[in-house]
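The structure appears right after this line, and notes come after that.
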Amino acid sequence: MHVIEGVQPEELALGAPAAALGANDWFDALFREHYPRIVSLLTRLTGNRGQAEEIAADAFSKLARRPLLLQNDESRTAWVYRVAINAGLDAVRSNSRRRRTEEAAGAEQLRSGSGPDVLEEMLRRERCERVRGVLSTMKPRDAELLLLRSGGMAYREIAQALGVQIGSVGTLLARAEREFERRYRSRYGDDL
Amino acid sequence: MTQCWSEGELRAYLDGELPARDMDRLARHLAECMGCRLLCAKLEARAAQLSGWMEALEDSTAPLRVPAPPRRAHLGRWTEAAVGVAAALVVAMLLLPKRAPELTAAPRPHTGGFHSLAPPPAAVKPAIIRRGTTPPPKPQIQYYVALDNEPIETGLVVRVELNGGQVPADVIVGPDGRARAIRLVSDFSGEAK
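In the order they appear, the protein sequences are chains E and C. Residue numbers 3 to 194, in this note's numbering, belong to the letters of the first sequence in order. Residue numbers 516 to 708, in this note's numbering, belong to the letters of the second sequence in order.
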């Protein structure tokens, strides 16, 4: 081709993306395995399924935009959990004011009702608010660890999500639980 | 008495997460060590308390339907921009008149922001340095045929083969993946195909 020597249009158009095309499998596998777990974790953290799905999708979208930055599945998994939980904690903090308004309105509705179910629901909401409030003040990794464990994850899965050795999960969990208890009691005393 | 176990190992023991051999060894140690028994009881009580607190956060919504994975970006934003600029340069050079094949140094052509496929003014000389001693035959200018009425600001030139590989053609593909213009190259002079 003499019009432009040394530059083949086919190479320009197809050469660079071709290297990345074969690497789709890891992303799909990672998404299918961890998206539901992350959404469940975030739903429990934020109390809002829609917001949880939005945060999880955003975390995976960020991961999709930087496929070359993270070189293996372990680092990618830990990265997407960390991004999601950080965004979830941010959401809890920014939600807190709005939530208090909504809770007050909800409590007023509940007061107008009667019976043990109403009281139980009010207490449950109060406990949720307290737990989320304490989690939002903790180190993200500690909050993530508590959420993962309370969600029923095995140590092997927790280690994968946190990007740590499985042998250190027990130590990290014991520390996180102690820290949560300390913060909870410093805020609310022994009022459980 | 056997050696005491760490707090983390005791916590893993409570969750049944130690290897089976260690579970047995730790159980035997607890039977003989009051300190570890007390620590274990404390960890257990705290874990039960935490479990109670965290239960308040149970996700009671319906099971999640997993959507399709988001579309992966194959190239970074800057890489895509670089490819776009490179493609624009390629298209610009394709469209510039080839007046002097033996030319070795010339003013740089205007390459920024072309807005139509019409050839640029004749005063602008292409800065194409050609290799070899024999100047190639002067090519006929092949205009692209626009496939729609929108101006083409950037795109990739893709060589395709039509009619079962008999007719090569260049297609300008826009950033949205649509073919924007096409030209046949089968009758280029010196274009062996």
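Glycine included, C-beta positions come from ideal geometry on N, C-alpha and C.
Proximity test, Cβ basis, 7 Å: residue i and chain C
| i | result |
| --- | --- |
| Leu121 (chain E) | no |
| Ala161 (chain E) | no |
| Gly90 (chain E) | no |
| Asp30 (chain E) | yes |
| Ala145 (chain E) | no |
| Arg1 (chain E) | As shown, chain E starts at 3 and ends at 194. That puts residue 1 (chain E) outside it, with no answer to give. |
| Glu35 (chain E) | no |
| Gly172 (chain E) | yes |
| Tyr157 (chain E) | yes |
| Ala176 (chain E) | yes |
| Gly24 (chain E) | Any reading at Gly24 (chain E) needs caution, since the residue's pLDDT is 48, under 50, leaving its predicted position unreliable; the model's value is listed next. No, Gly24 (chain E) does not count as interfacial toward chain C. |
Beta-carbon proximity list for residue i, same chain, < 8 Å, skipping 5 on both sides
| i | result |
| --- | --- |
| Glu522 (chain C) | Leu554, Leu558 |
| Glu676 (chain C) | Val682, Pro683, Ala684 |
| Ala66 (chain E) | Phe29 |
| Leu533 (chain C) | Glu524, Ala527, Leu541 |
| Leu529 (chain C) | Cys555, Leu558, Glu559, Ala562 |
| Arg543 (chain C) | Thr517 |
| Leu174 (chain E) | Arg143, Asp144, Leu147, Leu164, Val166 |
| Arg177 (chain E) | Asp144 |
| Arg78 (chain E) | Trp28, Leu32, Leu65, Leu72 |
Proximity test, Cβ basis, 7 Å: residue i and chain E
| i | result |
| --- | --- |
| Glu522 (chain C) | yes |
| Pro584 (chain C) | yes |
| Leu662 (chain C) | no |
| Met569 (chain C) | yes |
| Ala696 (chain C) | no |
| Glu668 (chain C) | no |
| Leu572 (chain C) | yes |
| Ala527 (chain C) | yes |
| Glu559 (chain C) | no |
| Glu547 (chain C) | no |
| Glu532 (chain C) | yes |
| Leu565 (chain C) | yes |
Neighbourhood of residue i by C-beta distance below 7 Å, restricted to the same chain and skipping five residues each side
| i | result |
| --- | --- |
| Ala58 (chain E) | Tyr37, Ile40, Val41, Leu44, Ala86 |
| Leu662 (chain C) | Ala694, Arg695, Ala696, Ile697 |
| Ile168 (chain E) | Tyr157, Arg158, Ala161 |
Nearest candidate by alpha-carbon position, reference residue i, set the options
| i | options | result |
| --- | --- | --- |
| Phe29 (chain E) | C:Arg526, C:Ala583, C:Ala556, C:Ala542 | C:Ala583 |
| Ala31 (chain E) | E:Arg46, E:Asp75, E:Ala61 | E:Asp75 |
| Arg695 (chain C) | C:Pro534, C:Asn664, C:Gln564 | C:Asn664 |
| Asp691 (chain C) | C:Arg536, C:Tyr659, C:Glu668 | C:Glu668 |
| Glu570 (chain C) | E:Glu56, E:Arg151, E:Asp144, E:Arg177 | E:Arg151 |
| Cys519 (chain C) | C:Arg693, C:Trp568, C:Arg552 | C:Arg552 |
| Glu130 (chain E) | E:Gly49, E:Arg68, E:Pro142 | In the sequence on display, residue 130 (chain E) carries Cys and not Glu. The option with the nearest alpha carbon to Cys130 (chain E) is E:Gly49. |
| Leu572 (chain C) | E:Arg134, E:Phe62, E:Arg84, E:Asp27 | E:Arg134 |
| Arg84 (chain E) | E:Ser96, E:Gly169, E:Asp60 | E:Asp60 |
| Gly689 (chain C) | C:Leu671, C:Gly679, C:Val700 | C:Leu671 |
| Glu179 (chain E) | C:Pro666, C:Asn678, C:Gly567 | C:Gly567 |
| Gln657 (chain C) | C:Met538, C:Asn678, C:Val700 | C:Val700 |
| Lys141 (chain E) | E:Met124, E:Asn88, E:Glu128 | E:Asn88 |
Close beta carbons around residue i, own chain, < 6 Å, minus the five adjacent residues each side
| i | result |
| --- | --- |
| Tyr186 (chain E) | Val136 |
| Val686 (chain C) | Val673, Val675, Ala694, Ile697 |
| Glu35 (chain E) | none |
| Val171 (chain E) | Tyr157, Ile160, Ala161 |
Rounded Cβ spacing between residue i and residue j (contact assumed at less than 8 Å)
| i | j | result |
| --- | --- | --- |
| Leu147 (chain E) | Ile160 (chain E) | 7 Å |
| Gln53 (chain E) | Ala93 (chain E) | 6 Å |
| Arg95 (chain E) | Ser138 (chain E) | 5 Å |
| Gly153 (chain E) | Arg46 (chain E) | 7 Å |
| Phe182 (chain E) | Leu604 (chain C) | The Cβ separation is near 59 Å, so there is no contact. |
The ligand FAD heavy atom lying under 6 Å from the CB of residue i
| i | result |
| --- | --- |
| Thr79 (chain E) | Inclusion of the ligand FAD in the displayed structure is not the case, the ligand content being empty and no account of it being possible. |
Can at least three beta-carbon pairs, one atom from the stretch 186-193 of chain E and one from the stretch 541-551 of chain C, be found at a separation below 8 Å? No, the stretch 186-193 of chain E does not touch the stretch 541-551 of chain C.
Residues within the stretch 48-80 of chain E neighbouring chain B, beta-carbon criterion of under 7 Å: Absent from the structure is chain B; the protein chains it does hold are E and C.
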